Amino acid sequence: MRIKNLVLLALPVAFLASCNGGNNHNSTEEGKLKITTTFAPMYDFTKRIVGDKADVITLVGNNEPHGFTVTNAKDMAFASESDLVVAYGQDMDPYAEKLNQNKYFVATEGVDFKTSSELGGTSGDTIDPHAWLAIDSAEIMMRNIAAKVIEIDASNKDYYTENLNDSLAEFDALKDKYAAELSAVKGKTLVTSHEAFGYVAKEFGFHQYGIEDVGDNEAGSAQIAKAIDFIKENGIKYICVEELDEESTADTIIAELKKSDYEVQKVEISAFEGVDVNEWAQEDNYISVMNENLSEFVEYLK
């Protein structure tokens, strides 16, 4: 039942032209930067800034970043030769610094990270790392990346600055759209496979109930039983499962609820943790995923 947003984003032409079809490590043109990014948001925000001035890869690709380790020799070689390695920090990509310590850069400086409990989660004082889903935080990261890229390639400062400003305007419009469309569902609760949407929920006035914690650790029997009770007590009709998450826990809950004639539907949602580079420019980028999520929030929070 995932609502597919078929509207293509008006990304600058340079962005579309520069998509290289994935981490295929084509020979880098002379004068181009080589940039390694860790996972989806770092790739997206970097590409928006550098356009066709750099060859950019993502190490995680369209995989689950929690617990990811780098094993691809070509990726490791590219990273070791890169002018910049863009990482997120917060234990999302601890492998990155070892790949190229001299070029390692954490893009999240200045981001206001919250604990799970501050966002209504169940993981106590554990920092919730999913701040890239907060649009204000995404803008901070883009500014940081732009400043770093300009530092190492000042000759193209105007180009990078223009791309940054265009992207910030696009993100501001997205934030306004979220505020307008979610105003009608304030106070409602979204049940998710794991606690990835706390920042969005807090910013726009709804609640998140995550079956698994912020670290995406598998739910135990007590958590499953608690989720079943919560769903029944609150009349929840949907369980939102992230596209990269294991679905068995949600399936178990649905099966148990069905035994008591309670119907709940499993639907897909994205925390934008993985990205298919081949599809990035068309429909698998931050803005399109956030727009698709918005449609789903409105539908599933009714």
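In the numbering used here, the protein residues as written are 18 to 319.
In this text, a Cβ means the ideal position worked out from N, Cα and C, and glycines have one as well.
Predicted, not measured: the structure shown is a model, and the values here were computed from it.
| Query | Result |
| --- | --- |
| Would you give the residue range spanned by the alpha helix (DSSP H) that D72 belongs to? | It is not in any alpha helix (DSSP H) - D72 instead sits in the beta strand (DSSP E) that spans A71 to T75. |
| In three-state terms, what does DSSP make of T88? | coil |
| Using the Cβ count rule (16 or more neighbours within 10 Å means buried), how would you classify T88? | exposed |
| Quick one, which of D230, G215 and E229 has its alpha-carbon nearest F223's? | G215 |
| Going by DSSP, which residues form a beta bridge with G227? | T209 |
| Can you name the start and end residues of the alpha helix (DSSP H) that Q282 belongs to? | Element bounds for Q282: not the alpha helix (DSSP H) but the beta strand (DSSP E), Q282 to I286. |
| Counting only the same chain and skipping the five closest in sequence on each side, list residues whose C-beta sits under 8 Å from that of I228. | V208, T209, S210, H211, A236, Q240, I241, A244, I256, T266, A267 and I270 |
| Hey, is the stretch 49-69 in contact with the stretch 93-107, meaning 3+ C-beta pairs nearer than 8 Å? | yes |
| How would you call K120, buried or exposed, if buried means at least 16 neighbouring beta carbons within 10 angstroms? | buried |
| Report the rounded CA-to-CA distance for D92 versus T75, giving the unit in angstroms. | 8 Å |
| Identify every run of the beta strand (DSSP E) within the stretch 106-137, keeping only runs that are complete inside it and at least 3 residues long; order them along the chain. | 121-123 |
| Among all the DSSP beta bridges, which residues are the ones paired with I144? | T132 |
| Using a Cβ cut-off of 8 Å (strictly closer), state whether I245 contacts chain D. | Considering every chain present, this structure includes no chain D. It has just one protein chain. |
| Leaving out the 5 sequence neighbours to the left and right, which residues in its chain are closer than 7 Å to I162 when beta-carbon positions are compared? | F62, T63, I66, V103 and A124 |
| When DSSP labels each residue in this structure, what does S277 get in the three-state scheme? | coil |
| How big is the Cα-Cα spacing for V77 and I248? | 33 Å |
| Are the beta-carbon atoms belonging to A213 and A288 less than 8 Å from one another? | yes |
| Cα separation between S184 and I157? | 12 Å |
| Check whether the Cβ atoms of S148 and V128 lie closer than 8 Å to each other. | Looking at the sequence itself, residue 148 is Ala, so the reference to Ser does not match. Going by C-beta atoms, A148 is nearer than 8 Å to V128. |
| Cβ of F85 within 8 Å of Cβ of Q107? | no |
| Per DSSP, which one or two residues make a beta bridge with V292? | BP columns for V292 are empty, so no partner. |
| Label K319 either buried or exposed according to how many other C-beta atoms from any shown protein chain fall within 10 Å of its C-beta, with 16 as the threshold for buried. | exposed |
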